[in-house]
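Trainee:
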Amino acid sequence: MRWLVLIALAAIAMLVVMLSFATYTVPTVLVPDRGGVFREGVAGAPQYLHPVWCQNSNNIDSDLCNLVYRGLMRLGQNGRIVPDLAESWSVVDGRIYQFRLKPNLFWHDGQALTVDDVVFSYSILQDPSLAEIPGLPRLWRSVTVEKLDDRTIQITLPQPFAPFIDLTTVGLLPRHIYGDTPAKDLVTKSLTETPIGAGPMRIVETAPEHVRLEPNPFNTGSSPYISALEFDFYPDYGTMVAAFDAQQIDGLSTLLPSEVNSAATRDDVQTFSSIEFGYENILLNVNNPNAPFFQNVAVRQALLYALDRAQLIDEVLSGQGIVADGLISPNHWAYTADVKRYGFDRDLARSLLDQAGWIDSDGDGVRDKDGKPLSFILLVKDDALHQQIGTRLAADWAEIGVRADVQAVPFSGLVADFLAPRAFEAALTDWNQVGDPDPFPQWHSSQIEGNGQNYAGWQNTEADQLMDTARQTTDENERRALYAKFQAIFAEELPSLPLFHPLYTYGVSTRVNNVEVGALNTPAERFDNFDVWYIDSRRVPTNQVPSE
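If you want this note's numbering, it's the 1-based position in the sequence shown plus 61.
What follows is the structure in structure tokens.
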């Protein structure tokens, strides 16, 4: 027995030696493993979780809606609308839209998603009780929605309207959950603490300080490596950054321009930037009698030539922007580079003003004409960044003999008290141009009066015709050509002065791997490839790495 024990011990020792040797000689690699929770910090808290309001409320609402809900269609690359829950779609005569659902679709609770749910979701938007709620697209109340079969729905418009397809990106709601709830309550109140959708993630926990989401078990796509995504709410940006520094969170929902450069020098932060589809510009009220010089195209062009926009972006925005040639982002399918461009050229600006008869006749440093000084009030939002931008613009204009008095006002007051009643001379504004590039609401002459948003009062017959035709054309190539002509006219006449397209920058801890954030339509899309992110990993032999 003693010899048997010795032999067994020797065998065990030899096995240990062999295994140890194998450990050091067999090549291994780290591969993603399932598990972990990704926590992102957000300055603020959700307000509405109804999909109708996702794009009209704060960023956290948009983030949650993008993860929880899905529509028939969605925004794809370069602002194009592509199928989501729809398998295919077609348009007849520019008015009749047909959508065929993908097979085997399910809600978060496992119930089948059907055409009846689509009809129900759109019936909410058509409900007469919502007629007085501002912000809801009125077009829904004039369309006809029909179920053609178990997987096909048809929507008929009273007349061709190409931007309509954007409206089909709104998230859908399950009839079996919300069918008995009045439409007005669904739109104006929170749905429930854990709303039901068909998106890639579902809300499993809500609390005043956070919302927790887990992968949708009925999602037909790949399952994420990370077990849960949690949004932690903070009262302000500084508190959120402090939580990141303390490793309490893994992501920063946004990085302010002033923080981007310092974040880029840290070894514990990954930063990702994307050009936003919005733009910052200076609206010029061409119909204000106190500023008649804005009616002169040469004066408007001179004002833009005088601005060193590249320096403004570098010094005020810490490089977080690109100079804008017009209203449409270079990432968008409707963008054209074939327009008049305005580089920084003070000498040319001065020459244009001289030719227009604006000279400094009394030596006070401000140009004048017929006793009228070339001066105006520039309204800006009352936050620090916009006041800095306004100050820099005024300084550039002072160099060519133009005086701009910067006046800061609250954002709500800027729109309600100045822009809407057209009671302004010039205003620094930012516009969100996501999705369809239709400029009609802001620039068609019919929108000068009433509730229209053509606050500048610009009128151009050819531009009006281009916008009218583009709205009735569903062919993308034809629309692109029409909008290219519109952009050329706009760049020549400059009813507003385009400044820059902002950059959105996202910060993620280096503890999180395989994060990829490409060109985004909206910041909420940063989670579109969340399924490949991972926190945990394991070591396996090289020859056992799964093939892609």
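Cβ coordinates follow ideal geometry from the N, Cα and C atoms, glycine included. Owing to the predicted nature of the structure, the values given are computational and were not obtained by experimental measurement.
By DSSP's criteria, Pro559 is part of a beta bridge. Which residues make up the other side?
Mentor: Asn342
Trainee: On a Cα-Cα basis, can you pick out the residue from Glu291, Ser507 and Ser422 that is closest to Ala268?
Mentor: Glu291
Trainee: Any contact between the segment 443 to 463 and the segment 410 to 422? By contact I mean 3 or more CB pairs, one from each, below 8 Å.
Mentor: Contact between the segment 443 to 463 and the segment 410 to 422 is present: three or more C-beta pairs spanning the two stretches fall below 8 Å.
Trainee: Kindly give me the distance between the Cβ atoms of Ile450 and Leu489, rounded to whole angstroms, as I take these residues to be in contact under 8 Å.
Mentor: Yes, Ile450 and Leu489 are in contact; Cβ-Cβ is about 6 Å, under 8 Å.
Trainee: May I have the straight-line CA-CA distance separating Arg141 from His447, to the nearest angstrom?
Mentor: Answer to the nearest angstrom: the Cα atoms are 31 Å apart.
Trainee: Rank Asp293, Lys442 and Gly96 by C-alpha distance to the C-alpha of Val467 and give the top, closest one.
Mentor: Lys442
Trainee: For Glu101, tell me which candidate among Leu388, Glu486 and Ala289 has the shortest Cα-Cα distance.
Mentor: Ala289
Trainee: Using a Cβ-based criterion (distance less than 8 Å to any ligand heavy atom), does Ala524 qualify as near the ligand ADP?
Mentor: As far as ligands go, the structure on display features none, and thus does not contain the ligand ADP.
Trainee: Between the beta-carbon of Leu344 and the beta-carbon of Phe181, is there less than 9 Å?
Mentor: no
Trainee: Please report how far the alpha carbon of Ala524 lies from the alpha carbon of Gln309, in whole angstroms.
Mentor: 53 Å
Trainee: Since Glu554 is in the alpha helix (DSSP H), which residue starts that stretch and which ends it?
Mentor: Glu537 to Glu554
Trainee: Please state if the CB of Tyr183 and the CB of Val153 are separated by a distance shorter than 9 Å.
Mentor: no
Trainee: Looking at the strands, I want to know which residues DSSP matches up with Met134.
Mentor: When beta bridges are read from the DSSP output, Met134 appears opposite Pro144.
Trainee: CA-CA distance, Leu80 and Val569?
Mentor: Since pLDDT at Leu80 reaches only 49, below the 50 mark, its modelled position is unreliable, and the value read off the structure follows with that caveat. Going from the Cα of Leu80 to the Cα of Val569 covers about 39 Å.
Trainee: Check this for me: beta carbons of Val400 and Gln548, under 9 Å apart or not?
Mentor: yes
Trainee: Name, in chain order, the residues that DSSP records as bridge partners for Ile450.
Mentor: Beta-bridge pairing links Ile450 to no other residue.
Trainee: Below 6 Å CB to CB, which residues in the same chain sit around Glu270 once its five sequence neighbours on both sides are set aside?
Mentor: These residues qualify, in order along the chain: Phe294.
Trainee: For Val265, does the count of other Cβ atoms within 10 angstroms reach 16, so buried, or fall short, so exposed?
Mentor: exposed
Trainee: Hey, how far is the Cα of Val98 from the Cα of Ile287?
Mentor: In this structure, the straight-line span from the alpha carbon of Val98 to that of Ile287 is close to 6 Å.
Trainee: Give the range of the beta strand (DSSP E) segment to which Phe333 is assigned.
Mentor: Val330 to Ile336
Trainee: How close, in whole Å, do the beta carbons of Leu186 and Trp168 come, if the pair is a contact with beta carbons under 8 Å?
Mentor: The pair is not a contact, with the Cβ atoms about 19 Å apart (cut-off 8 Å).
Trainee: Would DSSP call Glu486 helix, strand or coil?
Mentor: coil
Trainee: Could you tell me which whole alpha helix (DSSP H) segments of length 4 or greater appear in the segment 495 to 543?
Mentor: For the segment 495 to 543, the full-length alpha helix (DSSP H) segments reaching 4 residues or more read 501 to 504 and 522 to 532 along the chain.
Trainee: Output the residue ranges of the alpha helix (DSSP H) runs that lie fully inside the segment 367 to 394 and measure 4 residues or longer, sorted by chain position.
Mentor: Those alpha helix (DSSP H) runs which fall completely within the segment 367 to 394 and span 4+ residues are 370 to 377.
Trainee: Below 8 Å on the Cβ atoms is my guess for Val90 versus Val593; work out the distance and round it to an integer in Å.
Mentor: The beta carbons of Val90 and Val593 sit about 17 Å from each other, so the pair does not count as a contact at 8 Å.
Trainee: Which complete alpha helix (DSSP H) runs does the segment 401 to 466 hold, if anything under 4 residues is left out?
Mentor: 407 to 416 and 445 to 459
Trainee: Of all the options Asn590, Phe561 and Leu125, which has the alpha carbon lying nearest to the alpha carbon of Gln372?
Mentor: Nearest option by C-alpha distance: Phe561.
Trainee: Let me know the secondary structure DSSP gives Arg202 once reduced to three states.
Mentor: Arg202: helix per DSSP, three-state reduction.
Trainee: For the putative contact between Val179 and Asp211, defined by C-beta atoms under 8 Å, what is the C-beta separation to the nearest angstrom?
Mentor: Between Asp211 and Val179 the Cβ distance is about 11 Å, and since that is not below 8 Å, they are no contact.
Trainee: Please name the residue in Asp406, Phe501, Phe338 and Gly171 whose C-alpha comes closest to that of Leu368.
Mentor: Asp406
Trainee: Write down the C-beta distance between Thr566 and Leu316 rounded to the nearest angstrom, noting that I regard them as a contact closer than 8 Å.
Mentor: 4 Å
Trainee: At which residue ranges does the segment 253 to 318 contain complete beta strand (DSSP E) runs of 3 or more residues, listed in the order of the chain?
Mentor: 262 to 268, 271 to 276 and 289 to 295
Trainee: With burial defined as no fewer than 16 other Cβ atoms inside 10 Å of the residue's Cβ, what is the status of Arg327: buried or exposed?
Mentor: exposed
Trainee: Mind reading off the beta-carbon distance from Tyr403 to Tyr366? Whole number of angstroms is fine, and I expect it under 8 Å.
Mentor: Confirmed, about 5 Å.
Trainee: Return helix, strand or coil for Asp211, following the three-state DSSP convention.
Mentor: coil
Trainee: My output table needs one value for Thr603: the three-state DSSP class, helix, strand or coil.
Mentor: helix
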